[in-house]
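What follows is a single structure, written as structure tokens, with notes after it.
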Amino acid sequence: MKRIGILTSGGDAAGMNAAVRAIARSAMNAGLEAYGINYGYKGLVEGNIFKMESTKLDEIVNRGGTILYSARYPEFAEKETQLKGIEVLNKFGIEALVVIGGDGSYHGAEKLTMHGFNSIGVPGTIDNDIPGTDFTIGFDTAANVATEALDRINDTATSHQRVFVVEVMGRGAGDIALWSGIAAAADAIVIPEREYDIEAIANKLTENRKNGKDHGLIVVAEGVMTAAEFKEKLDQYGDFDSRAVTLAHVQRGGVPTTKDRVLAARLGDYAIQLLLEGKGGLAIGIHDNKLVATDIIDTLENHKHQTDVSLLDLNDRIRF
Ligand code: F6P
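In this text, residue positions in the sequence shown follow UniProt numbering: the first is 1, and each later residue adds one.
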């Protein structure tokens, strides 16, 4: 193998650039050529591909977003488009593709693998919802951004004796809500993975007031409902002077944490080591702090990300 391709796809995540650097450098240092593909699968099909240069790679390790840009490209679900992508890869002499992205991006890599093109998925999404790994690149940064925002909101909630309902991202997963909610001492964390009872949450807030805590912080994962919807329902069970806040895309950007950069370095390098060993068609990840590689088709078809819902019970035991 002489030449590999790299693309980032789907929602960007802090640390994607650190992964791009690790993949490209590890490849170059092993004597391979690395080709960057701009705008994800869209750029692949359109042939928006360039040879990467080593000198440009060190300055990107601390940058949010992705220097390879990203795109949502539902057209890649069609077989014809996938085959066109392979045709372009062959034209550029690219023999293996490393895809950094989330669920949709992994499905693209799975389809390429099914058509016989060697592809490896590197988990890069703030949602932490990819099977085959405990953590995805970008999750730690996003959770930290959410925690910092919750801390700030808690200051004003305390000053005004208000209840804040804060919506965080995560698509169908509650990981960002859980981690930031625990870190910011939320009174309630509402996630898609577990039934919730708004009346019970409201009653607890009312009881808290009687016991000396006159403000509240509720974290709601976007996969459950919007902050505005939750606030409206909550208000039916008490007079809370509540406010609804949606954190939205601030969670996606910014300087990646050390943890995300190191995860990106480990996973990016691992993808290349596997390719050098002649392996491929894999989803790579980290499990119990060890690098792991699983068959990408089996991983996507037969496994689901498991959110650690025991953290919800933990929060219930340590909250006010
Ligand atoms: O997958 C990352 C993510 O930020 C999700 O948390 C969110 O639901 C979605 O992307 C938002 O997508 P877009 O930026 O395309 O609106």
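We treat Cβ as the ideally placed atom computed from N, Cα and C, and that holds for glycine.
Opening and closing residue of the beta strand (DSSP E) in which residue i lies
i, result
"Arg266", "Where Arg266 is concerned, there is no enclosing beta strand (DSSP E), although the alpha helix (DSSP H) it sits in stretches over 258 to 276."
"Thr206", "First-last for Thr206: 198 to 210, but that is the alpha helix (DSSP H), not the beta strand (DSSP E)."
"Asp295", "290 to 295"
"Gly10", "No beta strand (DSSP E) contains Gly10, which DSSP labels as neither H nor E."
"Leu247", "Counting along the chain, Leu247 falls outside any beta strand (DSSP E), and DSSP gives it neither H nor E."
"Glu229", "Run containing Glu229: none in the beta strand (DSSP E); it sits in the alpha helix (DSSP H), 227 to 235."
"Ala283", "282 to 287"
"Val61", "Note, Val61: premise wrong, no beta strand (DSSP E); not H, not E."
"Ala188", "188 to 190"
"Phe164", "163 to 168"
Close-in-space but distant-in-sequence residues of the same chain around residue i (CB under 8 Å, 5 per side omitted)
i, result
"Leu267", "Ala19, Ala22, Val122, Pro123, Ile137, Ile284, Gly285, Ile286, Leu291"
"Lys231", "Val165, Ser242, Arg243, Ala244"
"Lys204", "Asp187, Ala188"
"Leu274", "Ile120, Gly280, Leu282, Ile284, Ala293"
"Met114", "Ile297"
CB contact flag (residue i, residue j, <8 Å)
i, j, result
"Arg243", "Arg162", "yes"
"Thr147", "Ala186", "no"
"Glu167", "Thr81", "no"
"Gly93", "Leu112", "no"
"Gly223", "Gly174", "yes"
"Val61", "Asn17", "yes"
"residue 324", "Ala71", "Any question about residue 324 goes unanswered here, given that the chain covers just 1 to 320."
"residue 358", "Ala228", "Outside the displayed range of the chain (1 to 320) lies residue 358, so it cannot be described from this structure."
"Val219", "Ser180", "yes"
"Val98", "Ile6", "yes"
"Glu195", "Thr307", "no"
"Ala143", "Ile176", "yes"
"Met1", "Leu44", "no"
"Ala96", "Asn118", "yes"
"Arg252", "Gly104", "no"
"Leu247", "Ala149", "yes"
"Glu110", "Ile297", "yes"
"Thr8", "Thr66", "yes"
"Val309", "Val145", "no"
Residues near residue i by beta carbon distance below 6 Å, same chain, minus five either side
i, result
"Asn154", "Leu217"
"Ala27", "Ile4, Ala34, Ile272"
"residue 324", "One cannot answer for residue 324 here, as it falls past the ends of the chain, which runs 1 to 320."
"Pro131", "Thr299, His303, Lys304, His305"
"Lys233", "Ile198"
"Asn315", "Ile182, Ile189"
Closer than 7 Å: residue i CB and nearest the ligand ZN heavy atom
i, result
"Glu33", "Summarising the ligand content, the structure contains the ligand F6P and does not contain the ligand ZN."
Cut-off 7 Å between Cβ atoms - residues of its own chain near residue i, not counting five sequence neighbours on either side
i, result
"Thr141", "Ala14, Gly15, Gly254, Pro256, Thr257, Asp260"
"Arg63", "Asn17"
"His215", "Ala157, Thr158, Gln161, Arg162, Val163"
"Leu276", "Ala30"
Element boundaries [alpha helix (DSSP H), containing residue i]
i, result
"Ser310", "310 to 318"
"Leu217", "Leu217 -> not in any alpha helix (DSSP H); beta strand (DSSP E) instead, spanning 216 to 221."
"Ala177", "175 to 183"
Cβ of residue i within 8 Å of any chain C Cβ
i, result
"Lys233", "Structure shown: chain C not included; a single protein chain is present."
Handout entry: Those runs of the alpha helix (DSSP H) which lie wholly inside the stretch 84 to 149 and span at least 4 residues
Key = 103 to 114
Problem - Continuous alpha helix (DSSP H) assignments of at least 4 residues falling wholly in the stretch 8 to 59 - result: 16 to 29, 40 to 46
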